[in-house]
Amino acid sequence: MYELKTKETDHSVIEFIENVDHPKKREDAYQLLDIFTETTGYPAKMWGPSIIGFGSYHYKYASGHEGDAPFVGFSPRKAKISLYFAPGETKREELLKDFGKHNTGKGCVYINKVADIDIHVLKELINQSVKFLKETYSNQQK
Numbered sequence: 001m002y003e004l005k006t007k008e009t010d011h012s013v014i015e016f017i018e019n020v021d022h023p024k025k026r027e028d029a030y031q032l033l034d035i036f037t038e039t040t041g042y043p044a045k046m047w048g049p050s051i052i053g054f055g056s057y058h059y060k061y062a063s064g065h066e067g068d069a070p071f072v073g074f075s076p077r078k079a080k081i082s083l084y085f086a087p088g089e090t091k092r093e094e095l096l097k098d099f100g101k102h103n104t105g106k107g108c109v110y111i112n113k114v115a116d117i118d119i120h121v122l123k124e125l126i127n128q129s130v131k132f133l134k135e136t137y138s139n140q141q142k
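Each residue of the sequence shown is one higher than the one before, counting from 1 in this note's numbering.
If you want it as structure tokens, here you go:
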């Protein structure tokens, strides 16, 4: 049976950030930690070895696959900083037009540094993701 790799852990968020090699990326991680915590109202938790997540929801797909995931999160990776927002959230593309310098993947938005993006748009992306996931999975809340 498939085992989910990205689960909430008890590892220290601060310890994880302190171990980020590049000083500027570490500084950006602390700035994002403040923004995500303030915007969501949820405490930061480690999800797997490298994702800092905020809040959580339980999902169950028609296929029967189910699990828990953070509403939003980020990870200061070596190459870029990964930002995690709700998959399938319809307003994301519109908001990203005014976000600043970024790339997108299937479920992530990648930035080089916080200085490249509009913080107000980031907060709106966070709020939209949390709202969308709460509405979509309201009957499956933890």
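Beta carbons are placed, not taken as given, at the ideal position from N, Cα and C, and that holds for glycine. In this text, all values refer to a predicted model and were calculated from it rather than measured experimentally.
Next item on the list: Could you tell me how far apart the beta carbons of Phe71 and Ser56 are, in whole angstroms, since I believe they sit closer than 8 Å?
Entry: Against the sequence shown, residue 71 aligns to sequence position 71. Against the sequence shown, residue 56 aligns to sequence position 56. Their Cβ separation, rounded to whole angstroms, is 7 Å, which keeps Phe71 and Ser56 in contact under 8 Å.
Check: What are the partner residues of Asn19, as DSSP defines its beta bridges?
Finding: For the purposes of this step, residue 19 is identified with residue 19 of the sequence shown, where counting begins at 1. According to DSSP, Asn19 bridges with nothing at all.
Check: In chain order, what residues of the same chain have a beta carbon less than 8 Å from the beta carbon of Phe99, not counting five sequence neighbours either side?
Finding: By one-based count along the sequence shown, residue 99 stands at place 99. If we look at Phe99 and ignore the five residues flanking it on each side, its Cβ neighbours are Val109, Ile117, Asp118, Val121, Leu122 and Leu125.
Margin query: Using the Cβ count rule (16 or more neighbours within 10 Å means buried), how would you classify Thr9?
Written below: Against the sequence shown, residue 9 aligns to sequence position 9. It counts as exposed.
Check: What three-state label does DSSP hand Phe36 in the structure shown?
Finding: Reading the sequence shown from its first residue, position 36 is the one you call residue 36. Helix.
Next item on the list: Could you check the C-alpha separation between Leu96 and Trp47 for me, to the nearest Å?
Entry: Indexing the sequence shown from 1 puts residue 96 at position 96. Indexing the sequence shown from 1 puts residue 47 at position 47. Their Cα atoms are separated by approximately 25 Å.
Notebook entry, point to check: Do the stretch 12-32 and the stretch 62-71 meet, that is, are 3 or more Cβ pairs less than 8 Å apart?
Noted result: no
Checklist line | Reduced DSSP category for Lys134 - H, G, I as helix; E, B as strand; rest coil | finding: To locate residue 134, count along the sequence shown from 1; it is residue 134. Helix at Lys134.
Check: For Ala29, which of helix, strand or coil comes out of DSSP?
Finding: Indexing the sequence shown from 1 puts residue 29 at position 29. Of the three classes helix, strand and coil, the one that applies to Ala29 here is helix, per DSSP.
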